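Protein chains in written order, with full-length UniProt numbering: chain A, 1 to 813; chain B, 1 to 813.
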């Protein structure tokens, strides 16, 4: 007999295998393997040992109810698609008949195989034992204190990452645009310049843009494609309960950080705000788990937080800390997370999130104050979008104007969303190759530079130096004491341009300049969002809005020169709010963020909210917000707040999936192994009172997850060898392998343990939520949504299983 | 046969009573009535007709399972206590053995009989029919539009009420304090004054205080006691799902409005903010129902919103509009509602609430601008607490000071809460008589005036006129060109005093003045909150905080005269925040409200939040926030966000109530009538497959509410006369009597309909939430809380009832 420790090794093949086993009735008929697909997929499984395989053609030989699942013959679906090998799944299924009900439906809808997270706490016997043990230890209080500590850590580390990204972007952009300015000054002879002289700076500019963009796009494409885009839709889906593979890994964070730096420095039309949420989320998930699977390092702390449910709350806090750091807006950041990202709220969570946000902004402030050499220890607030010097005022008769701006923002935003979706659909169809995706990003970067150069070349907008608002005045074709206002718009990061549009004194631009800029940037930002680079959509959207807002004020002032209320900065701000409302469809958080980042007074909330709400209503008439659109386009099974309208009249029996693969309370290891191999369901009802092997007619007494079954098989937790593992097995045994549960492939063939028995009584969740077949869908949706469920068992009045409902059933039926 | 219309009259006694009836086996034994208690309670029930009565002493004669409920003999509990006749209930139960399980437990805990609201939508056949019909009519969209319209109306009307209260208070206070000032000027000879000269103004002051206070207290005490206090705990309980009788009636609103005017004008230490939330809630409940039961007027609009679930959302919106109007702070108002009042959140609700708040503030602004004669059409914001002229700045080294202020606020707040609770407990025990309550309010008002006069008399704090911050400078004992700083603090409403403390220039008061003022007001406000008057706690709390905050700054400046950062207004603001945090234990909404009401910049959020969070944490160490304390003291079964710690290790079977009174799917009218008479449960499981009359062993197939059963009996919806009512009966039949369901007493004796049968299939809720006896309490608590349930059925694996869980079971066991 081996040392007991070896019993809980992952690849447990110890001597208790030789314990006496009860013989099991293995079919005597010659066994067929499944053919080439099958053997390719499971190189570790020798097809010679057929006992673990099931003949799809001979239902009656198997003495259990698995045959009911095998009504359709043909090759099986891929064995394990937890980590989202979506395309793979489709390849296999499209060339044959579907086998399992659930999978076939998924495949038919040609959606990727997103799995759910286990937000439902599995309160099995092991869990309850732990709870009872901990009740004595005042564990609850300790856990609470630790939770606060983690939230504070999340705030600090997120802020440090944000600072680093901030500073690097600022320094590199400074270098880049200074170099370009020098190059312009060197190459373009003043006043009598011709087009040809602009060629060298233009080429430099192209080079300095495509190099970082190509680097970033290549990293994103080849190393971690999940980092493409802003990350907000992904985080939102995650918080809703959808498992987005690899979303909260350290590698993702690294790629995201480098990706956002390269794209902003490369001059793409995007901002760093969205990625910051994602970065915060990764930090939160990492810290709260006290271990990194990427670095195979377990710090052995915070073990109690290792489940999806706890992690979710930390991720929300991290996201909030990320936005807060990105904008320097603690309350706005928290509200942003709540309004846009969170699917589950409660009071305590909100307070923790707020503290994380506050800590984050405070850390950011200290570091950035030190970096900018502000040594007078005065807390300034960051005012990312620049502080308005004098309080913005408005008159009642301006309210309709704000409303019109809001409506404009709603229309432009809805058009932007729809155009962007079309572009991305085009991309999906025609640019499938990785290399092409990188090239595409480079082409868009070049397009941006070219358009900017054309604007600079063709529009003659020279303004006198002196109270010039830009830090890099470019003389270009202008007179000696003038600077080029067009170049001023382009020769800085988008964030800095938003600042300029808000705060430049009236008369800083020609109407033509701003009009062209609006059009070019609208198109550019639309083409950019969806490229395989890490970029947020907030700043470009605000920029477009600020541009047309300012433009409208200028045009109106041009027509009615006596209208002195037309402060261009004020209208740029309202325009930005309207455009943001039209694209993102948020209201409260955006108004607070704009207020916190520009230091305006609270009485100006009112026009902002007017514009935002008008924009949201108008936009909502046409389509959904950009994040929700992206989630839909990617077929993420995200649960909305209310059930979809077409489900209103239905009942549970009309949407449930059946037949359901059940497992007996005491079932054979052999059967469980077969089931796991054969189907990729993630939850199996546990039944009792089974007559013979008609499992689906037993009384439901619980539910067990695929991941738990795999751990049971891996660690050989059988009835027959109980004495070896029982004293050492606790909920921790299952928690140790979280979150990357091994796949069934890692379970070696059962061989001699094939006749062992598994007793699920202590492992299963004995209290799954159950509903009746005639319950209405809005009602069960409410239950499913509010409790963050993964599986909902539908049972009839005799407590027999009628079907199972998962999140897909609320969306794709 | 009568006209069909009469069939659905409330007191239906039409001719179908004479239809042939199936004989029922009435016990042949002589029937005993229950004695004097019983016959007193049911004057309409003649004890001669014993068929409707049940002999408590003879269990075996009744051929059903009601006897199982009658294990203990004795007089029955009161028949109907829905409208909270709590004392009544106790009287009856205390003098005998308990009869019914649920009631006896309640009575034993000596808590009032609060009932739950039906936030769970009863999706019975009638409801589903309506849904299906409406699916065709695009009803959902129309309902949505109407919902928006209602929210907008709520905002406008709440604001108008708030304006009215505001203006009346302002005008009356102006009159009062002007009169007092004149009186002082007339009676007190300048400079060489003695105490005696102050007597006449003192008496005037007493008179002008006790008259309104006595009037207000009498109204509250004799007309509508529920209006006492701020109303926030009541609204919070309501939103949590507890039925607080009479809380959203028009009479309540009227008394509350008059009550708050009289108490503020009377000079009690209270504000109008809390009552505004309550006023908003009443407005919302009233408008959304489209009818007033008080005025017996049904406008026949908004019928679809007549259930507890819909009303809840409107009430939240109304509350938010109320706070917003009270403070002129739309975002703060919304967050206040969310943070303090709401128990159920979702995204759409938040948007609607925000719109109601915005509309409310806008309306308020227009009306008040017009009233104050600001005709320049500039939106000013209201800045209830006065706008800080120059931006508040702070240094990093002040952060620890802010934290210390926060800790101080937490300590003072916790002490205040505890002291206030002690005072209120004392009141409960020793001042039970209505008249005494009015007298008490008058005494406290006199005490306030006396203390103020003593302060004015003994403290000599004269300041030069000129840049005097007060509008009513009182010369009193001062020189000709001076005013009395002590009198300035007292001769205005508390809200105006907060404004003074925030904005008076440095050196406006002596240290002694402020120190005395702090102590006096601390004690006064503590004694005031809990009086039988309508008053909020926000303003006095802020006032105490502002006083000690300013005091601390002055003392420190006195000790370290070189510390120039010690701006007294800034520290008054932080002090107010800290004290509010210590008493109310909110953070986000308070910081936003303070910001919106004083117009400070968002960079000053940070110190506010620091102070608020420190105060909250320190305070939470000692006790709960004042609103939660009040809720607990009143034994309101309010469900917290998390299950109580002592419930952590329990399972459903340890907290459930049993035996449960069940009703058969087709049961006799007689039995139902008996059950309703005999017990006051509000939900009855409906069972099927009953062998004989052993109802509790049937299979559970639904749940029916007491109110539904009463309607069924009232309208004679029996199987035997189906043809008369079936075509005309819809969900509207039940909705028509909402929210004041008749009691069983209004059902006349069944007489000849005694043998009729009720078929519950179309009336019952066929999908009640069910749990298993071994489910853990935290888990079922989560279900109960998230879904806003009223009854949770505990069933075993054979689908037989094991018990029932209501909100009490999570709190009082």
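Think of the CB as a built atom: it goes at the ideal place given N, C-alpha and C, for glycine as much as any other residue. As the structure is a prediction and not an experimental result, all values here were calculated from the model.
{"Check": "Where residue 114/B falls: helix, strand or coil (DSSP)", "Outcome": "coil"}
{"Check": "Alpha-carbon to alpha-carbon, residue 782/A and residue 776/A", "Outcome": "10 Å"}
{"Check": "Option nearest residue 456/B by Cα separation, candidates 510/B, 132/B and 559/B", "Outcome": "510/B"}
{"Check": "Contact set between residue 876/A and chain B, taken where Cβ atoms lie within less than 7 Å", "Outcome": "Because chain A is modelled from 1 through 813, residue 876/A falls outside the range shown and cannot be assessed."}
{"Check": "Distance between residue 254/A and residue 680/A (C-alpha atoms, nearest Å)", "Outcome": "32 Å"}
{"Check": "Proximity test, Cβ basis, 8 Å: residue 400/B and chain A", "Outcome": "no"}
{"Check": "Distance CB(residue 420/B)-CB(residue 798/A) smaller than 8 Å", "Outcome": "no"}
{"Check": "Beta-bridge pairing of residue 651/B - partner residues as DSSP gives them", "Outcome": "776/B"}
{"Check": "Close Cβ partners of residue 703/B (< 8 Å) along its chain, the five nearest in sequence each way excluded", "Outcome": "683, 684, 685, 686, 764, 765, 768, 791 and 793"}
{"Check": "Residue span of the alpha helix (DSSP H) that contains residue 545/B, given as start and end", "Outcome": "538-559"}
{"Check": "Short-range partners of chain B found in the stretch 119-132 of chain A, where Cβ spacing is below 8 Å", "Outcome": "121, 123, 128, 131 and 132"}
{"Check": "contact_flag[the stretch 269-286 of chain A, the stretch 311-327 of chain A] where n(CB pairs < 8 Å) is 3 or more", "Outcome": "yes"}
{"Check": "Spatially closest choice to residue 771/B from 728/B, 651/B, 743/B and 165/B, by CA coordinates", "Outcome": "651/B"}
{"Check": "The stretch 215-233 of chain B contacting the stretch 242-254 of chain B, beta-carbon criterion three pairs below 8 Å", "Outcome": "yes"}
{"Check": "Proximal residues of chain A, C-beta to C-beta of residue 613/B below 9 Å", "Outcome": "351, 354, 355 and 358"}
{"Check": "Beta strand (DSSP E) runs wholly inside the UniProt domain \"CBS\" (656-719) of chain B, at least 3 long, in chain order", "Outcome": "666-668, 683-688 and 699-705"}
{"Check": "Three-state class that DSSP yields for residue 134/B in the structure shown", "Outcome": "helix"}
{"Check": "Beta-ladder partner(s) of residue 534/B, from DSSP", "Outcome": "229/B"}
{"Check": "Any 3 or more C-beta pairs closer than 8 Å across the stretch 690-697 of chain B and the stretch 753-763 of chain B", "Outcome": "no"}
{"Check": "Min CB distance residue 587/A to chain B below 8 Å", "Outcome": "yes"}
{"Check": "The stretch 535-550 of chain A / the stretch 424-443 of chain A touching (three or more Cβ pairs under 8 Å)", "Outcome": "no"}
{"Check": "Residues that residue 868/B contacts on chain A, provided the C-beta gap is smaller than 8 Å", "Outcome": "Beyond the ends of chain B as shown, which are 1 and 813, falls residue 868/B; an answer cannot be given."}
{"Check": "Buried/exposed call for residue 97/B, threshold 16 Cβ in 10 Å", "Outcome": "For residue 97/B, the pLDDT reaches just 28, beneath the cut-off of 50, and the residue's location in the model is therefore unreliable, leaving the point undetermined."}
{"Check": "Simplified DSSP state of residue 493/B, which is helix, strand or coil", "Outcome": "coil"}
{"Check": "In DSSP terms, what residue 460/B is bridged to", "Outcome": "In the DSSP output, where bridge partners are listed per residue, residue 460/B has none listed."}
{"Check": "CA nearest to the CA of residue 187/B, picked from 178/B, 199/B, 177/B and 534/B", "Outcome": "199/B"}
{"Check": "Close-in-space but distant-in-sequence residues of the same chain around residue 808/B (CB under 6 Å, 5 per side omitted)", "Outcome": "637"}
{"Check": "Supposed close pair residue 619/A, residue 585/A - CB separation, criterion 8 Å", "Outcome": "6 Å"}
{"Check": "Residue 757/A: first and last residue of the uninterrupted alpha helix (DSSP H) it sits in", "Outcome": "It is not in any alpha helix (DSSP H) - residue 757/A instead sits in the beta strand (DSSP E) that spans 757-759."}
{"Check": "Test item: CB-CB of residue 577/A and residue 608/A under 8 Å", "Outcome": "yes"}
{"Check": "Straight-line Cα distance separating residue 128/A from residue 58/A", "Outcome": "The pLDDT assigned to residue 58/A is 35, lower than 50, so where the model puts this residue is not dependable; a value taken from the coordinates is nonetheless given after this. Taking the straight line from one Cα to the other gives about 43 Å."}
{"Check": "Cβ-Cβ separation, residue 785/B to residue 656/B (assumed contact under 8 Å), whole Å", "Outcome": "Residue 656/B to residue 785/B, Cβ: 17 Å. No contact."}
{"Check": "Best match in 401/A, 144/A and 391/A for proximity to residue 556/A [C-alpha to C-alpha]", "Outcome": "401/A"}
{"Check": "Residue 488/A versus residue 499/A - alpha carbon distance", "Outcome": "12 Å"}
{"Check": "Cβ pair count under 8 Å reaching 3, the stretch 613-632 of chain A against the stretch 349-356 of chain A", "Outcome": "no"}
{"Check": "Three-state secondary structure (DSSP) of residue 804/A", "Outcome": "strand"}
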